[in-house]
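Some notes on the structure that comes next.
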Amino acid sequence: MRKPIEIKKYSMMNIFKTNRTIVDWLAGRAAELYDVDVVPDVFEPESLDFGDWTTNLPFQLARVARKSPADIATEIVDAELPKNISSAEVAGAGYINFRISKDALAGMVLSIISEPDRWGFSSPEKNVKIQVEFVSANPTGPMNIVSARAAAVGSTIANALRTAGYDVSTEFYLNDAGNQIRLLGESFLARIEQLRGKSAEIPEGGYFGEYLLDYAREYLSSGASENPQEWILKKITSEQKSVLKKFNTEFDVWFSEREFRSSGKVEEVLSRLRDGEHTYIKDGAEWFAASKIADDVEDFVLVKSDGEWAYGLVDIAYHINKFEERGFDIVYTILGPDHHGHRARLETAMKALGHPDKLKVLILQQVNLIENGEKIKMSKRAGKIITMTELIDDVGVDAARYFFLARKMEAHLDFDLDLARNTSDENPVYYIQYAYARIRSIIEFAQNKGFDVDEIVQADLSLLQHPEEHFLIRKIYKYPYTIEKTARNLQPHIIPFYLYDLAKLFHDFYTKHRVVDENEKGLSVARLALIDAVAITIKNGLKICGISAPDKM
RNA sequence: GCGCCCGUAGCUCAGCCUGGAUAGAGCAACGGACUUCUAAUCCGUAGGUCGCAGGUUCGAAUCCUGCCGGGCGCGCCA
C-alpha cells in the first residue's frame with residue numbers, strides 16, 4: 115500500500131491552470147506592448163524538442179504591430195515569466211516556446227505516485243449530465259463486429275468523459291418491441307416445431323440462423339414453461355449482456371423500448387408535433403415535415419397507414435425522454451453507418467421539440483475483417499458471420515479493443531485478424547503492456563534490494579538530468595490534457611496513440627539508463643519515482659480504454 | 001441522382017476540427033546492440049507529386065470550389 119504523504123516542497127500543479135496562465139500572460143503582454151485585445155492560442159508543439167507549450171501569437175500580431183513576428187516574439191518575451199514557467203524561447207520565424215519549470219514537474223511526479231488513483235481525473239467536477247448511448251443491438255441474434263467496435267468506442271468515450279469530470283450515464287436501448295421481435299418469436303416457434311418433427315416454415319423476413327435451432331434445443335431440454343417468445347428474447351439479451359461484460363463494457367441503464375411504448379410519451383410527443391404543425395397526412399400515413407426545418411432533410415413517416423407507430427417516431431420520443439424525463443444536458447448516441455439518414459431526422463426533430471444542439475449523433479463506420487491479406491466476406495443469408503464472441507475468443511479482449519480504438523471512429527476500419535492474433539512485437543498493444551510489466555518488474559527488483567516505497571515517494575527528482583528522463587516527465591505531464599482532449603473531441607483513438615508514444619519513451623530510457631544501482635541510491639530512488647509515475651499513467655490510460663495492464667508478461 | 005465517410009511512405013495509419021517550425025509512427029526491407037533491473041526491447045539506414053486542379057492567405061496535408069478513385073446509405077424495415 116502507498117502511504118499518503120505530505121508534499122512540502124511542491125504543490126500540486128494543474129496542467130490546465132498552467133496553460134491558462136500562459137494564455138493570460140500573453141494576452142497581457144499583447145495589450146501592454148501593442149494595445150490589442152486577443153485570446154492567444156497556446157497549444158502543444160509538434161515535438162517535445164520545442165518545449166511544453168507553444169504559441170504563434172507573434173504571427174497574428176505581425177500585421178497590427180507592423181513588425182516581423184520574430185521581433186514581436188523577442189519583445190513579448192522580454193518580461194518576467196508566469197508562474198511555473200522556466201523559459202520562453204523565441205524559435206523558428208516567430209514562435210515562442212515555453213518550458214515548465216523542473217520544480218513544478220517534480221511536484222507533479224511526486225503527487226502522482228502518492229495518489230495514483232486520482233492521476234488524470236479532473237477536479238473540480240464539471241456540473242454537466244451526459245448520456246452516452248451505444249451498441250443498442252437488436253436482441254434478435256448474436257452481436258456482430260460492428261457492435262464490438264461500438265462497445266469499445268462507446269465505453270471508452272464514456273470513461274474518458276467521466277475521467278474529465280462529467281456526470282456520465284451509459285445506456286443500451288433494448289429494442290424489445292416491434293416487427294423484428296415478432297419475427298424473432300415466430301422464427302423461434304418454427305424451429306421448435308421442426309424439432310418436434312412437425313413441418314413449420316420460418317416466416318418471410320425471419321431469422322434463419324442456426325443459433326435459433328440451438329436455442330430451441332436448449333428450450334425444449336430445459337423444460338421451461340415460459341412462453342417461448344419471451345424466453346428467446348430474455349435468452350438473447352442475457353447473452354448480449356454477458357458478452358459485453360466480458361468485453362469490459364457495462365451499461366448503467368438497459369432501457370426497454372416495450373416499457374417505453376406504454377409510458378404515454380410517444381403519444382405526447384406526437385401531439386406536440388401536431389400542435390406545432392410539423393405533421394401532415396399523405397397516402398394514409400402521417401408524416402413529419404422535416405424539410406421545412408432543415409433544407410437537406412427529407413420528410414419521413416411518423417405513423418404508418420396501418421396506424422402503427424413508425425420506428426422514427428418512437429425514437430424521437432425516446433430521445434425527448436432523455437432530455438425531459440431524465441434531465442441530460444448532452445446526449446451522445448452512437449449509431450452504425452447504415453443509420454446516417456436517421457441522424458439528421460433525429461436532430462431535426464429535437465430542434466422542432468425545443469431541444470436544439472443537445473443531441474449529437476455519432477456515426478461509427480463499418481469494420482472489414484482481414485485474414486491472409488484478404489477481406490472476409492460475410493453474408494447473413496449464408497450464415498457466414500463472425501460474431502463478437504468469436505472475435506473475442508480469437509484475438510482476446512485487449513487486442514480487440516486496442517484495434518477498435520486505434521482508429522478514428524468516422525473512418526472505415528480494416529481489422530487485421532492475423533496482426534491482432536499475433537502476440538509478437540508486431541502487435542502494438544503488447545508494446546504498451548510490456549512497458550508496464552517491465553516497470554513492475556523493476557520495482558519488484560528494487561524492493562528485493564531493499565528500496566522501499568516511503569523513500570521513493572520522497573525522491574529528489576533534481577537528480578534526473580538526462581534528456582530521456584525529461585522527455586518522460588514532460589510526456590506524463592500531458593496525460594490529463596490528452597484525456598481532456600479525448601473527451602472534448604470525442605476521439606478515443608487519441609489515448610492509444612498517446613500511450614504508445616509514452617511506452618516508446620520509456621523503452622528508450624530503459625535501454626540507456628539503469629534504474630536500480632546500489633552505488634547511486636539517490637539517483638535510483640529518483641528514477642524509481644519516475645518510472646512508477648510512468649506505470650501509473652499507462653495503467654490509468656489503459657483502464658479508460660478497457661484494456662488490462664498485466665504485472666508480468 | 002442525392003447524402004455520409006475515406007484517399008498522406010510498399011502496407012496499416014496519426015496529423016486536418018482550431019492554417020504556420022524539416023509532413024510523423026508502426027509493420028515490412030537493410031545494417032547494428034543482450035556478462036547488468038524482462039531483447040515482446042533499443043539504435044541506425046532507406047522509403048512521400050499529402051488523389052488531381054483551381055482559389056483564399058504573408059503561409060495550405062490542414063480552409064473553400066470543382067473533378068477523379070474507393071466504401072456505405074438513401075423503405076409506410078428497424
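Residue numbers for the first sequence, in the working numbering: 115 to 667.
Glycine included, C-beta positions come from ideal geometry on N, C-alpha and C.
Predicted model only: the values in this text are computed from it and were never measured.
With at least 16 other beta carbons inside 10 angstroms of its own, LYS436 counts as buried. Unbroken beta strand (DSSP E) stretches of 3 residues or longer found wholly inside the segment 243 to 276: 243 to 247, given in chain order. A buried status is given to GLN245, since no fewer than 16 other beta-carbon atoms sit within 10 Å of its beta-carbon. Residue environment analysis places PRO581 among the exposed positions, since fewer than 16 neighbouring C-beta atoms fall within 10 angstroms of its C-beta. Taking 8 Å as the upper bound for CB-CB distance, THR501 and ASN258 are in contact here, some 6 Å apart.
Secondary structure note for THR462: its alpha helix (DSSP H) is the uninterrupted segment 454 to 466.
Our two residues, LYS465 and PRO183, have alpha carbons roughly 45 Å apart in a direct line. By the criterion of at least three beta-carbon pairs nearer than 8 Å, the segment 424 to 438 is in contact with the segment 453 to 465. The Cβ atoms of ALA264 and PHE286 lie no closer than 7 Å to each other. Around SER215, the same chain offers ASN198, ILE199 and SER200 as residues with beta carbons nearer than 8 Å, after the five sequence neighbours per side are excluded. A straight line joining the alpha-carbon of THR596 with that of TYR614 spans about 13 Å. When the beta-carbon positions are compared, GLU485 and LEU531 come within less than 7 Å of each other.
In chain order, ALA399 and ALA424 place their CB closer than 6 Å to the CB of LYS418, counting only its own chain and leaving out the 5 sequence neighbours on each side.
Distances from the CA of LEU298 to each of VAL481, PRO196 and ILE346 were compared; the closest alpha carbon is that of ILE346. With a cutoff of 7 Å on beta-carbon distance, SER405 and ASP397 are scored as not near each other. Considering only SER662, TYR593, ALA291 and GLY142, the residue with the shortest C-alpha distance to SER236 is TYR593.
Boundaries of the beta strand (DSSP E) around ARG213: 209 to 214.
The continuous beta strand (DSSP E) containing TYR287 extends over residues 281 to 288. The residues PHE437, PHE442, ASP443, ILE444, VAL445 and MET464, in chain order, have a CB closer than 8 Å to that of LYS472 in the same chain once the five nearest residues on each side in sequence are set aside. Excluding five sequence positions before and after ALA291, the CB atoms of its chain that fall closer than 7 Å to its own CB belong to GLU371, ARG372 and ARG375, given in chain order. In the displayed model, LEU527 falls within a strand according to three-state DSSP. Secondary-structure assignment with DSSP links PHE369 through a beta bridge to TYR287. Minimum Cα-Cα distance from ILE350 among the listed residues ALA205, LYS240 and TYR329 corresponds to TYR329.
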